Structure formats: C-alpha cells, structure tokens
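Engineer: A single structure is presented below for examination.
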Amino acid sequence: MATVVSASDQSRFIVPIGPQHPALKEPGHFEFTVDGEIITGASARLGYVHRGIEKGAESMNWTQCLYLLERICGICSHIHSIAYCQGLEKLADIEISPKARAMRTLVAELERIHSHMLWWGVAAHEGGFDTLFMYTWRDREIVMDLLETISGNRVNYSVNVIGGVRLDLSPEQVTKIVSGMKKLEERTKHYLEIVTNDSSFLARTRGIGVMTREEAQRLGAVGPTARASNVCRDVRVDAPYAGYHEYPVKIVTDTAGDLKARFVVRIKELFESYRIITNVAQNMPEGELKARRVPRKIPAGNVISRVEAPRGELFYYIESGGGEGPERIKVRTPTLPNWGSVLTMAAGLRLADVPMLLVGIDPCFSCNDRLIRLNPDGKQQTLTWQQLRDRGIEYYR
Amino acid sequence: MKNDLPAMFAILIFPGGLSLLLGGLMFEWIDRKFVARLQNRKGPKWYQPLADVIKSFSKEEIVPAGVNAGLFIGLPIVGVTTALVTGLYVPLFGFAPSHSFAGDLIVVLYFLSVLTLTLGVAGANTMDHFSLIGATRTLTQLFSYEAPFMLALLGPAIVAQSWQINEINVYAQNHTWFLFSQPIGFIIALIGLMGKLELPPFDAPEAETEIVSGALTEYSGRGLGLFHLGQDVEFIIGITLITTFYLGGLANPLEFILKSLGLLLVLTALQTLAARLRIDQTVGLWWRIGALLALIQLIISIAIRKLI
Amino acid sequence: MPETLGTMLSDILNSLVHKPVTTNYPAECCDEPIRTRGKVVYNAETCTGCRLCVRDCPANAIDIIILDRKEKRFVMHYHVDRCIFCGQCVESCRFDCITLTDTQWELASTSKNPFDLYYGNDEDVKKVLDKHTEIFDVGT
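Protein chains in written order, with the numbering used here: chain A, 1 to 397; chain B, 1 to 308; chain C, 1 to 140.
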C-alpha cells in the first residue's frame with residue numbers, strides 16, 4: 001500500500017482515523033501524517049471485520065451458500081447473489097427465463113439507487129452538509145419502500161434462487177414503481193443542481209482528490225470512482241449479464257476526476273437506473289420464474305462470474321468438485337481495488353478533506369476484508385478449521 | 001424594564017445564574033428542534049438538553065493519563081463561570097442589567113472569549129491528537145472571527161457614544177434599529193456569532209467526521225456537562241447582545257422573547273444551508289471579507305457622525 | 001443555474017409547511033408490507049418429514065423431529081434467534097407446510113425463552129420436551 005512516510009521520521013504527527021471513528025461507519029484503520037492541516041502521508045490497515053465467509057461457504061451446500069453470500073454486503077446484497085447464481089447456472093448449464101433475468105435487473109437497479117443515495121447522503125454528512133444528508137435519506141425511503149413491497153425486506157431481498165427468481169411483480173407494484181421513479185427523478189434533478197451549484201459544497205468538492213485517467217488505470221480503480229476519472233468501464237456494458245442485453249445502459253463518465261465528478265457520475269447513473277427500471281417494470285416479459293429442475297449437485301468445474309455492483313466490478317470465482325457444496329468460493333468486492341486511489345490521493349490535501357475522500361470511493365469495509373497469507377519462504381501450509389479455531393481461541397485468551 | 005431585585009438573587013437565581021442556565025438550555029432546544037423541522041425531522045423533546053446535562057453530570061469523569069489534572073478539572077469551571085458572569089452585564093430576558101459600568105461591553109466580549117480560550121487550553125492540555133487539532137482549530141477560529149465581531153459591535157457603540165451595554169440598550173430603544181442603519185455590521189455580527197458558537201457551517205473545531213469532538217474529545221461526565229452548559233450560556237448571551245445592539249434594544253421581557261426568538265430562528269435556518277467550511281476557508285472568509293466589511297461599516301458610521 | 005449559496009432554501013421552506021416524515025416508532029407504527037418475512041409458522045398436518053427445509057436452512061434454525069412418520073406426528077424445533085428470515089424453508093417445502101408470517105416481525109425479547117419455539121400438536125411437543133435429550137440425538 002502507498003505509505004509515503006518513512007518510519008524513521010520521529011517528529012511526525014499522526015492522526016489516526018479508526019478503527020472506531022465517527023467518519024467511518026465500519027471499522028478500518030488509517031493513519032494520516034499531518035503537517036499542521038496538510039497531509040503528508042497515508043497508510044491503511046484493514047481486516048477488522050474479517051468474517052471468514054469464504055471458508056464458511058465451503059462447509060455449506062449450494063442453496064445455503066446463496067444466503068450466506070447475500071449477506072457479504074448489507075447495501076449491495078442482491079448483486080452478490082446475482083453473481084453467485086449466474087456462476088452456478090453456467091456451471092450446471094441451467095437456462096433462466098427472460099422474466100427471471102428482467103426481474104434480477106430490476107431489483108439490481110433499485111438496489112443501485114438505494115446504494116448511491118445512501119452514499120451521497122453519507123458523503124454530504126462527512127462534508128458537514130447535514131441538511132443534504134437528511135433530505136437524500138428521506139427520498140431514499142421511496143426506493144426502500146419499493147424494495148420492501150417487492151421483496152418484503154429493506155435489505156437482503158432473497159429475490160434470487162438458483163435457476164431464477166422467487167418473486168413476481170403485481171400490477172399494483174408496477175404502478176407504484178413507475179410513480180416512485182418519477183418522483184425520484186424529479187428529486188434527483190434537484191440534487192444534481194445542489195451538488196453542481198451550491199458554492200459552499202463546491203468549495204469542499206471541486207478539485208479535491210483529483211485522480212487522472214492514467215492514474216485511475218494504473219491503480220486499477222473500478223466503478224463510479226474510475227468512471228469519474230473518465231475510465232469507460234462498466235460490466236453492464238462490457239459483458240452484459242442478466243437483463244442488460246435486452247435493457248442496455250449507457251455509461252456515464254466525467255473528465256474531472258475530483259470529488260465533485262464522483263458525485264455527478266453517481267447522480268447521473270441514477271437517471272439511467274430510473275429509465276431502466278421503468279422500462280423493465282412496464283415491459284416485463286412473460287414466462288416462468290424459475291427453472292424446473294435444479295440439481296442439488298453441481299457438476300465439477302470452475303467459473304468466473306463478473307457483475308457491476310453499485311460500487312464497481314464484483315468478481316466471483318466458484319469452484320465445484322461435483323458435490324452438494326462449493327470447493328472454493330473467492331469473492332473480490334469493488335472496494336478493494338479502490339483503496340489504492342484513496343491513499344495516493346490523500347497526500348497534499350487538508351485533514352478536513354479526508355473524510356470526504358475516504359467516503360468518496362464508497363467504501364464497504366466488511367465486504368472487502370479477506371485474508372490471504374503468503375508464506376515468505378513459498379512453502380505451502382494447510383490449516384484445518386479446528387486448527388484455525390484453536391488459534392483464534394489462543395490468540396484472544 | 002427596571003431591575004430592583006436583591007443583588008444575590010439577581011446573580012444566583014434571576015436573571016443570572018439558574019435562569020440563565022435554563023434559558024441557555026431552552027435556546028439549545030429551540031435550535032435543535034427547529035433545525036430538525038427544517039430538515040423534515042421531528043426533533044427532540046423539550047427536556048432533551050436538560051436530560052443531556054443531567055446525564056453528563058451523573059456519569060463518571062475520566063481524567064486521562066498525561067494531563068494536568070488540576071487544569072483538566074478546573075478549566076470547565078472557569079469556562080462556565082466566565083460565561084455566567086457576562087449575564088450580569090447584558091439586559092437578559094429584557095430586564096436592565098443588574099450590574100453596569102462604563103466599558104462593560106469590553107468586559108463582556110473578553111469574558112465570552114475566555115470560554116473559547118478555556119476550550120482551546122482544555123484541548124491542548126490532553127495528549128490526544130484529535131483534541132490537539134481541535135484546540136488549534138478553536139484558537140485559530142477565535143483569532144479569525146473575534147476582530148470582525150468586535151468591530152461589528154463597536155459600530156452601534158460609536159453611534160451611541162458609549163461603551164456601556166445598558167446605555168446602548170437605551171439608545172437603541174429610542175432610535176431607528178441599527179439593523180437598518182448599519183446592515184453590514186448586523187450581518188457580520190450575526191455570522192460572527194455563528195463562528196463564536198461554533199455552529200455549522202463554522203463547526204470545523206468540533207467537526208465530528210474529522211476530529212471526533214475536537215477539543216472536548218477526552219472530556220466526559222462533569223467536565224463535558226459544564227462545557228456544554230457554558231456554550232449554551234454563551235449562546236443566549238450572544239443572541240441577547242446582538243438583539244440589544246441591532247434590533248432596537250430590549251425594553252421588556254416580551255420584546256426579549258419576540259426579538260431573540262426571531263434572531264434565533266434566523267440563526268438556525270442559516271445553519272442548515274451550507275456545507276462545513278474548512279478552517280483555512282473560515283480564516284480566509286473572516287480576514288479577507290469579514291474584517292474588511294466591518295471596517296468599512298465602522299468608517300462609514302464615524303464619517304456620518306462627523307458630518308452631522 | 002449559477003453558483004449560489006443556499007441552494008437548499010426551497011427544501012427547508014417546504015419543510016416548514018409540511019409534517020415531519022420521521023415517526024415516533026415504538027409509539028406509532030407503520031403498516032408492514034404484504035410480503036414481509038416474519039416468524040416461521042409450521043403446519044404438521046401436511047408435512048411428510050422429508051427434512052429438506054432442515055438441510056437447506058442456512059442458519060440451522062430449524063429441526064424437524066419425527067415421532068411417527070405414518071401417523072404424521074412431527075414436531076418442529078424452531079430457533080427464532082438463529083433464523084435469518086430468508087424464506088428458503090418455504091421455498092424448499094413441496095407441501096406448503098411452512099409459511100412466514102407477515103405480522104410478527106418485532107421479535108426482540110429480554111429473555112431467551114421466546115426464541116425457542118416448538119410447533120406441532122401439544123401432546124407431541126410435550127413428549128419432545130420431556131425426552132428432549134434422547135430424541136434430539138435420534139433427530140440428528
């Protein structure tokens with residue numbers, strides 16, 4: 001990671017942010033070396049919320065895994081289950097109906113709206129603009145209510161099952177969705193105006209944390225963070241999945257690469273989402289919800305599944321040994337590739353910009369916490385579940 | 001309204017002392033409630049600020065390692081005392097000040113700054129990095145708003161030809177509101193007060209998303225409660241001062257309620273309209289624009305005086 | 001629109017004449033949506049004892065204790081505190097004997113007892129509770 005400071009410098013003044021800090025909604029530890037208010041170096045330490053989900057998945061069957069993986073992220077839970085189901089359907093060679101694909105797209109886009117609105121409320125709060133925060137969260141309730149009427153839950157919708165979806169839309173729900181989208185579109189236009197015109201807010205976002213296109217590509221940034229730096233990358237367009245063949249999206253990019261651009265890109269993406277949702281809801285194809293026959297055992301093999309989560313590209317690697325459960329599941333969430341950009345952008349900024357910069361990539365700490373241990377001597381070492389458990393108990397004794 | 005109450009009663013119970021504290025808590029509640037309503041929320045119940053203070057007082061006070069314990073415990077007391085003392089010289093609740101002498105305006109302004117100063121020292125006293133940065137920001141902000149704020153209050157004083165708050169009060173009651181004759185001064189005084197009270201958008205010294213709670217990060221229990229009370233008292237005193245100077249003085253309690261509440265609501269609405277300023281932006285704003293405008297206002301009023 | 005201060009003025013003025021959107025939650029409660037996934041309800045009458053729900057439950061919240069398969073005497077031991085309300089048991093059940101209520105979702109409690117539920121007819125539940133340890137071993 002980009003640690004700009006040399007450890008020998010004793011006189012440095014470090015501002016620790018995290019693991020517990022009001023700016024962070026989840027635990028993570030960042031050390032910012034400051035000279036007065038100016039930041040001279042940054043380093044990160046992650047892993048406070050490592051939950052052993054990948055290991056846990058190996059002891060479950062395919063159906064149980066769906067719900068475990070859906071709970072990797074509280075905000076973008078549906079996209080995780082899409083990635084997982086898609087991978088399995090490819091492995092088991094299950095064809096899912098157009099209706100199921102449309103339904104998945106619909107919920108995924110609703111989820112994107114709720115994720116982006118949550119983010120820009122939080123980002124406004126980090127910048128001390130609590131009024132914007134309150135209003136965006138108020139309007140976010142519109143989409144939360146829609147998700148609740150569709151699935152029964154505000155998060156963790158359980159819409160997907162292997163081989164299709166579980167739920168259908170009723171005509172009343174379609175009208176509700178369409179009118180909700182209209183309302184949101186109107187409000188979002190207003191918010192776009194605020195974000196691009198409010199001089200007090202612009203003073204905190206314009207020209208802060210600028211990342212050029214080259215740098216974004218070098219650091220491997222993904223999602224809206226990359227798109228704000230004019231990197232044209234979106235899995236929904238590059239490798240359409242679910243219903244994105246039938247309902248194509250337009251990529252939204254910005255050339256500025258600063259915090260303001262990240263706001264603008266996310267807000268403009270919402271207009272795309274509104275368009276798609278209205279389109280899908282009004283033109284829902286007829287057909288079966290789920291495939292008739294879903295085997296309990298998935299044929300051996302491995303598969304890579306990529307989807308565009310609200311925060312960027314989500315990557316699943318699923319390996320089946322032909323049994324009732326997975327041999328290995330590897331998840332790479334979009335937050336991980338974005339960390340590098342935060343740490344490199346921090347140097348030279350002011351301490352007051354740090355919370356907004358950190359939040360600017362829409363981090364999700366518990367999603368990205370994975371454990372990989374590399375033995376320096378290159379030898380392989382295998383630990384059983386029991387050994388890991390014993391180690392844990394011993395460590396915290 | 002004349003104040004014929006016995007001196008001790010005036011200092012301890014009314015209008016100073018206890019009523020001042022309760023008034024401060026009331027003002028804080030109105031502020032919080034109105035902010036909530038402007039943000040389309042319900043907001044707290046009327047006893048919430050009082051409950052907060054009682055809770056703080058009933059909790060354990062932790063003296064962190066590496067601090068000067070005497071200073072750590074003493075500073076909140078000094079802070080709240082100085083804030084309470086100012087209550088004796090301003091026409092609180094529309095009653096004439098119980099104490100008054102030539103030049104008490106300077107004393108009041110000084111005492112109000114002492115509270116901010118104790119906050120800064122309290123932050124610098126602890127080893128915590130957030131507190132240190134908070135203290136630096138508090139003091140930086142103090143040096144930036146203080147001069148324009150003072151100049152803005154000097155405008156009416158020069159026109160009334162007195163440094164005594166009570167006399168300015170009487171003068172203001174019998175003349176056109178200074179709000180209309182010195183509008184620039186009023187705006188600077190109002191925004192200066194927001195800086196003084198560390199209200200958003202000037203809340204960089206206690207910006208929770210950056211430095212947790214600024215200078216007060218290490219404070220808990222009694223000390224925190226006392227600082228909290230001190231800030232509430234400063235709130236009501238500051239509003240009373242500006243109402244006295246710019247809104248045509250305070251002749252009776254009814255005027256106090258109407259005028260100070262009006263001002264409070266304006267102050268509250270202003271808080272909701274902007275993102276937090278960085279500390280460098282705050283300093284820049286005050287010295288580049290605030291101080292200059294206040295000086296221009298002062299020169300204009302002096303020139304007009306000389307001409308007439 | 002040029003750069004200005006106070007772009008949210010229209011919103012805050014609007015709020016002055018509108019009711020707050022927040023509610024006093026425990027005192028007043030909104031209607032739950034029709035598809036709310038609440039507590040699991042089990043009907044032993046139609047159950048065949050295939051235990052597919054037990055196998056698919058991601059949280060190990062369900063156990064079906066088979067007393068007599070022919071007489072249809074089943075008892076479901078349901079751990080409310082483990083349940084994640086995903087609804088997979090409803091999905092897995094081919095005979096529709098499991099449903100999720102849409103009214104009981106405020107399940108917080110100060111004691112552990114309400115989190116241990118037994119479904120089935122009273123006599124069977126009593127029998128299960130009496131010989132809990134023994135039958136538990138048979139069941140798993």
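Using N, Cα and C, we set each Cβ at its ideal position, and we do this for glycine too. In this text, all values refer to a predicted model and were calculated from it rather than measured experimentally.
#1: In the structure shown, what three-state DSSP assignment does V107 of chain B receive?
#2: Is K59 of chain B close to chain C? Criterion is C-beta to C-beta, closer than 9 angstroms.
#3: Note down the Cα distance separating I184 of chain B from A172 of chain B, rounded to an integer number of angstroms.
#4: Can you tell me whether S305 of chain A is helix, strand or coil according to DSSP?
#5: By Cβ distance, which residues of its chain are closer than 6 angstroms to K260 of chain A, with the 5 residues on each side in sequence left out?
#6: Taking CB distances under 9 angstroms as the criterion, tell me whether L38 of chain B reaches chain C.
#7: For R332 of chain A, which beta-bridge partners are listed by DSSP?
#8: Is M144 of chain A buried or exposed, if buried means 16 or more other CB atoms sit within 10 Å of its CB?
#9: Indicate whether at least one CB of chain A lies closer than 9 angstroms to the CB of V21 of chain C.
#10: Return no unless some Cβ of chain A is closer than 9 angstroms to the Cβ of A61 of chain C.
#11: Quick one: residues in its chain with C-beta nearer than 8 angstroms to the C-beta of T253 of chain A, no 5 flanking neighbours on either side, listed in chain order?
#12: So, under 8 angstroms CB-CB, T101 of chain C and V41 of chain C are touching, yes? Tell me the CB distance rounded to an integer number of Å.
#13: Could you have a look at E185 of chain A and say whether DSSP puts it in helix, strand or coil?
#14: Can you check DSSP and say which residues form a bridge with G164 of chain A?
#15: What whole-angstrom Cβ distance do S341 of chain A and A221 of chain A have, given they're in contact under 8 angstroms?
#16: Report the option in B:T268, B:A269 and B:I242 whose CA atom is closest to the CA atom of F256 of chain B.
#17: Just verifying my parser: in three-state terms, what is the DSSP assignment at R73 of chain C?
#18: For my contact list, V307 of chain A and Y241 of chain A are in at a C-beta cut-off of 8 angstroms; report their separation, rounded to the angstrom.
#19: Please report how far the alpha carbon of T3 of chain A lies from the alpha carbon of S56 of chain B, in whole angstroms.
#20: Please go through the same chain and pick out, in chain order, the residues whose beta-carbon is closer than 7 angstroms to the beta-carbon of S200 of chain A, but skip the five residues on each side of it.
#21: State the start and end residues of the unbroken beta strand (DSSP E) segment that holds V15 of chain A.
#22: How about L383 of chain A: is its C-beta nearer than 9 angstroms to some C-beta of chain C?
#23: Please list, in chain order, the residues of the region 13–43 of chain C that have any C-beta partner in chain B closer than 9 angstroms.
#24: Assuming L66 of chain A and I162 of chain A form a contact by the criterion Cβ under 8 angstroms, report the distance between their Cβ atoms to the nearest whole angstrom.
#25: Going by DSSP, name the residue or residues bridged to I65 of chain C.
#26: Measuring alpha carbon to alpha carbon, tell me which of A:Y191, A:G392, A:K330 and A:T384 ends up nearest G369 of chain A.
#27: When DSSP labels each residue in this structure, what does F201 of chain A get in the three-state scheme?
#28: I need the straight-line Cα distance from H125 of chain A to I361 of chain A, nearest angstrom please.
#29: Between the Cα of F9 of chain B and the Cα atoms of B:H99, B:G214, B:Q141 and B:G123, which residue gives the shortest distance?
#30: Quick check: is the beta carbon of D81 of chain C nearer than 9 angstroms to any beta carbon in chain B?
#31: So with Cβ pairs under 9 angstroms, would you call M76 of chain C a contact of chain B?
#32: CB of I239 of chain B to nearest heavy atom of the ligand ATP: below 8 angstroms?
#33: N174 of chain B and P97 of chain B - do their beta-carbons sit closer together than 9 angstroms?
#34: Under 9 angstroms, do R69 of chain C and T48 of chain C count as touching if we go by C-beta distance?
#35: Could you check where the alpha helix (DSSP H) with D124 of chain C kicks off and where it finishes?
#36: Using a Cβ-Cβ cut-off of less than 7 angstroms, give me the residues of the region 186–199 of chain A that come near chain C, in sequence order.
Structural biologist: This is what the structure gives:
#1: helix
#2: no
#3: 17 angstroms
#4: strand
#5: T205 and R206
#6: yes
#7: A:F315
#8: buried
#9: yes
#10: no
#11: R227, A228, N230, V231, C232 and V265
#12: 6 angstroms
#13: helix
#14: A:V161 and A:K290
#15: 5 angstroms
#16: B:I242
#17: strand
#18: 6 angstroms
#19: For T3 of chain A, the predicted model reports a pLDDT of 40, less than 50, meaning its position is unreliable and no value from the coordinates is stated.
#20: none
#21: F13 to I17
#22: no
#23: L13, N14, S15, L16, H18, K19, P20, V21, T22, T23 and N24
#24: 7 angstroms
#25: C:V75
#26: The sequence given here has Asp at residue 369 of chain A, not Gly. For D369 of chain A, the nearest C-alpha among the options comes from A:K330.
#27: helix
#28: 15 angstroms
#29: B:H99
#30: no
#31: no
#32: The ligand content of the structure shown is nil, which means the ligand ATP is not present either.
#33: no
#34: yes
#35: D122 to D130
#36: E193, I194, N197, D198 and S199
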